[in-house]
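Engineer: If you're matching them up, the sequences are chains A and B in order.
Those letters in the first sequence? Residues 1 to 342, per the UniProt record's numbering, in order.
Those letters in the second sequence? Residues 1 to 342, per the UniProt record's numbering, in order.
Protein chains: 2
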Amino acid sequence: MNAAQTNPGQTRVPYSELVLLLIRIFERHGVSPAVAIILAENCASAQRDGADSHGIFRIPGYLSTLASGWVDGTAVPEVTDAAPGFISVDARNGFAQPALAAARGQLVDKARRNGIALLAIHNSHHFAALWPDVEPLAEEGLVALSFVNSMTCVVPHGGQRPVFGTNPIAFAAPRAEGQPLVFDLATSAIAHGDVQLAAREGRELPPGYGLDSAGQATCDPQAILDGGALLPFGGHKGSALSMMVELLAGALTGGNFSFDFDWSRHPGAQTPWTGQLLIAIDPAKGAGRNFAERAEQLVAALHGAGQQRLPGDRRHLQRAQSMAQGVAIASEQLAKLTELAA
Amino acid sequence: MNAAQTNPGQTRVPYSELVLLLIRIFERHGVSPAVAIILAENCASAQRDGADSHGIFRIPGYLSTLASGWVDGTAVPEVTDAAPGFISVDARNGFAQPALAAARGQLVDKARRNGIALLAIHNSHHFAALWPDVEPLAEEGLVALSFVNSMTCVVPHGGQRPVFGTNPIAFAAPRAEGQPLVFDLATSAIAHGDVQLAAREGRELPPGYGLDSAGQATCDPQAILDGGALLPFGGHKGSALSMMVELLAGALTGGNFSFDFDWSRHPGAQTPWTGQLLIAIDPAKGAGRNFAERAEQLVAALHGAGQQRLPGDRRHLQRAQSMAQGVAIASEQLAKLTELAA
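1) In the structure shown, what three-state DSSP assignment does B/Ser322 receive?
2) If we ignore side chains and look at the alpha-carbon of each, how far apart do B/Val154 and B/His192 end up?
3) On a Cα-Cα basis, can you pick out the residue from B/Ser239, B/Thr271, B/Asn123 and B/Gly141 that is closest to B/Asn256?
4) For A/Ile37, which of helix, strand or coil comes out of DSSP?
5) Does A/Leu317 have its Cβ less than 8 Å from a Cβ in chain B?
6) Tell me the rounded alpha-carbon separation between A/Pro267 and B/Met151.
7) List the residues of chain B that A/Thr166 touches, going by C-beta distances under 9 Å, in chain order.
8) With 8 Å as the threshold, decide whether the Cβ of A/Asn114 is near any Cβ in chain B.
9) For the region 305-312 of chain B against the region 176-184 of chain B, are there 3 or more C-beta pairs whose distance is under 8 Å?
10) Going residue by residue through the region 49-127 of chain B, where are the continuous beta strand (DSSP E) segments of at least 3 residues, counting only ones entirely within it?
11) Along the beta strand (DSSP E) that carries A/Asp184, what are the first and last residues, could you check?
12) Listing by chain order, which chain A residues have their CB less than 9 Å from the CB of B/Leu142?
13) Ordered along the chain, which non-local residues of its own chain (more than five positions away) have a Cβ less than 7 Å from that of B/Ile37?
14) Can you confirm whether A/Gly254, when its beta carbon is compared against all beta carbons of chain E, has any partner nearer than 8 Å?
15) Kindly indicate if chain B contains any beta-carbon less than 8 Å away from that of A/Leu334.
16) Could you list the residues in the region 97-114 of chain B with a C-beta less than 8 Å from some C-beta on chain A, going in chain order?
17) Along chain B, which residues have their Cβ under 7 Å away from the Cβ of A/Arg309?
18) Is there contact here, the region 123-137 of chain B with the region 235-244 of chain B, by at least three beta-carbon pairs under 8 Å?
19) Where A/Pro221 and A/Gly85 are concerned, what is the direct C-alpha to C-alpha distance, given to the nearest angstrom?
20) Using the Cβ count rule (16 or more neighbours within 10 Å means buried), how would you classify A/Asp282?
21) For the beta strand (DSSP E) that contains A/Val154, what are its first and last residues?
22) Quick one: Cα of A/Glu332 to Cα of A/Phe57, how far?
23) In the DSSP assignment, find the alpha helix (DSSP H) that holds B/Phe291 and state where it starts and stops.
24) Say whether the region 58-75 of chain B touches the region 101-116 of chain B, bearing in mind that this needs 3 or more beta-carbon pairs closer than 8 Å, one atom from each stretch.
25) Any idea if B/Arg294 is buried or exposed, counting beta-carbon neighbours within 10 angstroms, 16 or more meaning buried?
26) So, under 8 Å CB-CB, A/Gly165 and A/Ser258 are touching, yes? Tell me the CB distance rounded to an integer number of Å.
27) Which value, in whole angstroms, describes the spacing of the CA atoms of A/Phe95 and B/Ala292?
28) If you draw a straight line from the C-alpha of A/Ala3 to the C-alpha of A/Val327, how long is it?
29) What span of residues does the alpha helix (DSSP H) with A/Arg12 cover, start to end?
30) At a CB-CB cut-off below 9 Å, which residues of chain B make contact with A/Gly306?
31) Can you tell which of A/Gly55, A/Leu142, A/Ala186 and A/Gly159 has the C-alpha that lies nearest to the C-alpha of A/Pro174?
32) How big is the Cα-Cα spacing for B/Gly202 and B/Met243?
33) What's the gap between the Cα of A/Leu119 and the Cα of A/Ile87?
34) Under 8 Å between the Cβ atoms of B/Gly215 and B/Ile224?
35) Between A/Ser264, A/Trp273, A/Ile116 and A/Pro8, which lies nearest to A/Asn149 when the distance is taken from Cα to Cα?
36) Please list the residues of the region 237-251 of chain B that have a C-beta atom closer than 9 Å to any C-beta atom in chain A, keeping them in chain order.
Have a look at this one:
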């Protein structure tokens, strides 16, 4: 493997080699070649862009879930053309990303023809970051939104027990010159993957992020993971947005709510079995057809007001570095990955 | 006027009489009959539902703006059928509500035909609450989202000077039995109308809501109004959502950004001259056609988790009381309104 040592204990792996390594791992653990390519590119791109909580850190979770029989790594999604602007996909208990890939071309066509279109995926497992689902649409000049619900771990505002998942919202918009403006935000005070990372690294969390199993506020990530719960970000507002995500990604798609599924018969299962909604809009249709130029004006105003880092900037910087120098991976983790692929 | 005294200093006015009173006021201050009905019903319904910061409290602002020549109270909106799922409306420097009213029927038709449709309004002034724009769509069984940008008063996360407006997001979803789930949230830490109310009542604000004109944190609402600025809710997440609202309501519609317009030649102008986006989705199209029943299940789960008040509940309760007993108005304010109508 063409990898150059950089920081002590860290190896830099060319992006394409990381993808191939992850494809081998997925294929060796019950995933069909068609699905393996999609999951590998998704996971490698998160690692490449510095989104550590959705990078190779997730591989053990994927493999544990596959081994449990909870998710079908060979599922072939079933795409239904439900209306001129509405595509419905049954992921057939497989991952959400192959379901999106199967219908993405239709979504783009419908958005360009109608001005707006939606893709509703159900019976799907989403275990990845959400921004990789919307960013490519912005690269084609569309404005995109996505919503995915997950698994019960967030207490609604004013309530005592968890109902919502971390329920992220992602948005992407094209710019005339720079990379698309892209964000992906959990409606919980913190993403579940970041709680797991903090627990593994022994870091305390700031106050206001979670409750322990007795319903008391805690800064200990392990106490949150051991039967505790997260809080929504921004009080009643984040809670309302999380409710909206349950309705859009769960009810509207025909998928499970975050509290609907019971994986107790599948020890090791970690992937939420819910739904996902994508909305794509073609800004060329109306009076805002100079959208990408206007987005540049907004970026200039934000820079002028002193906001140095815009949503997506850090990922784009990290991506450029990773593509030039290789994707940074702890050497110990790389050794484990190599074992898993063998 | 058929009004029964209730609390000391408070009068209860039948809703329909309040609407008629407000119609007379608008008509006497340069608004066409067609627009006056729409604005009067909008404003009276906010008062009826206990949304004080968007009720009759706003009347002096409307009249001041109309007197300044900043907004055209007689504008006839121009509706363009831009694509099968895309309606574009030029509000012709009038209010956003008549523009919405002119295209609402088409929006519903397009959503039912295509599964999803959008209405992009530009060259419009939005000076009201946002939930009245989406709630009626949910009453027809559609899921609705709306975004409107406003006027520069919110500092982007990490920046020093304001760029965004308070930029609210509203959402409405039908339920099989109860009233629709509806929320309307400013992406600022507090709505501008609530800062004005607090200043008028001499109340301090909680920390983290705003900055004074020197860029220092303050709890004094008047210091925020006197050249200061608001902060986004929820840190970088609320800031990202506010950026999204600028792009959806401003750039995508062809409307102004919150920082684009200069009303300095119109002393007394108070209405932001921007744009508004509405998205309507027909849940009957895909695998989530039992949406309204699923929404009831979610409501039951939220109640079961101890969340007693769901988004929209307080307004619906207040509405029922106002319809039964009349809309509560401070007697002093009612006297002023009666003068303005004379």
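Yeah, the Cβ is synthetic: ideal placement off N, Cα and C, and Gly gets one too.
Please read these numbers as outputs of a predicted model, since none were measured by experiment.
Structural biologist: In terms of the structure at hand:
1) Assignment of B/Ser322 by DSSP, reduced to helix, strand and coil, places it in the helix class.
2) One Cα belongs to B/Val154, the other to B/His192, and the distance between them is close to 10 Å.
3) The residue with the shortest Cα to Cα distance from B/Asn256 is B/Asn123.
4) The three-state secondary structure of A/Ile37, taken from DSSP, is helix.
5) So no, A/Leu317 is outside the interface.
6) One C-alpha to the other measures close to 53 Å.
7) None at all; the shortest Cβ gap to chain B is about 12 Å.
8) Closer than 8 Å to the CB of A/Asn114 there is at least one CB belonging to chain B.
9) With the rule of 3 Cβ pairs closer than 8 Å, the region 305-312 of chain B counts as touching the region 176-184 of chain B.
10) Counting only runs of 3 or more, we get 78-83, 86-95 and 116-125.
11) Looking at the DSSP string, the run of the beta strand (DSSP E) that includes A/Asp184 is Leu181 to Leu185.
12) Result: empty, since nearest Cβ-Cβ is about 11 Å, beyond 9 Å.
13) The answer, listed in chain order, is Ile23.
14) Annotation note: the requested chain E is absent from the structure, which comprises protein chains A and B.
15) Answer no: the Cβ-Cβ gap between A/Leu334 and chain B never drops below 8 Å.
16) Within the region 97-114 of chain B, the residues whose Cβ lies closer than 8 Å to some Cβ of chain A are Arg113 and Asn114, listed in chain order.
17) In chain order: Gly158.
18) The region 123-137 of chain B and the region 235-244 of chain B do not touch, with fewer than 3 CB-CB distances between them shorter than 8 Å.
19) Taking the straight line joining both Cα atoms gives about 43 Å.
20) A/Asp282 comes out buried.
21) No beta strand (DSSP E) contains A/Val154, which DSSP labels as neither H nor E.
22) Computed Cα separation, rounded: 12 Å.
23) First-last of the alpha helix (DSSP H) with B/Phe291: Phe291 to Gly304.
24) Flag = no, the region 58-75 of chain B and the region 101-116 of chain B do not touch.
25) Buried, by the Cβ-count rule.
26) Yes, they are in contact, since the Cβ atoms of A/Gly165 and A/Ser258 sit about 4 Å apart, within 8 Å.
27) So the two alpha carbons sit approximately 26 Å from each other.
28) Low local confidence applies: a pLDDT of 45 at A/Ala3 is under 50, so the model's placement there is unreliable, and no value is given.
29) Segment Gln10 to Val13 is the beta strand (DSSP E) holding A/Arg12; no alpha helix (DSSP H) there.
30) Listed along chain B are Val155, Pro156, Gly158, Gly159, Gln160 and Arg161, each with a C-beta nearer than 9 Å to that of A/Gly306.
31) Of the residues A/Gly55, A/Leu142, A/Ala186 and A/Gly159, the one whose Cα lies closest to the Cα of A/Pro174 is A/Leu142.
32) Roughly 31 Å between the two C-alpha positions.
33) Cα-Cα distance, rounded: 5 Å.
34) It is not a contact, given that the beta carbons lie outside the stated cut-off.
35) Closest in alpha carbon position to A/Asn149, among A/Ser264, A/Trp273, A/Ile116 and A/Pro8, is A/Trp273.
36) Within the region 237-251 of chain B, the residues whose Cβ lies closer than 9 Å to some Cβ of chain A are Lys237, Gly238, Ser239, Ala240, Leu241, Met243, Met244, Glu246, Leu247, Leu248, Gly250 and Ala251, listed in chain order.
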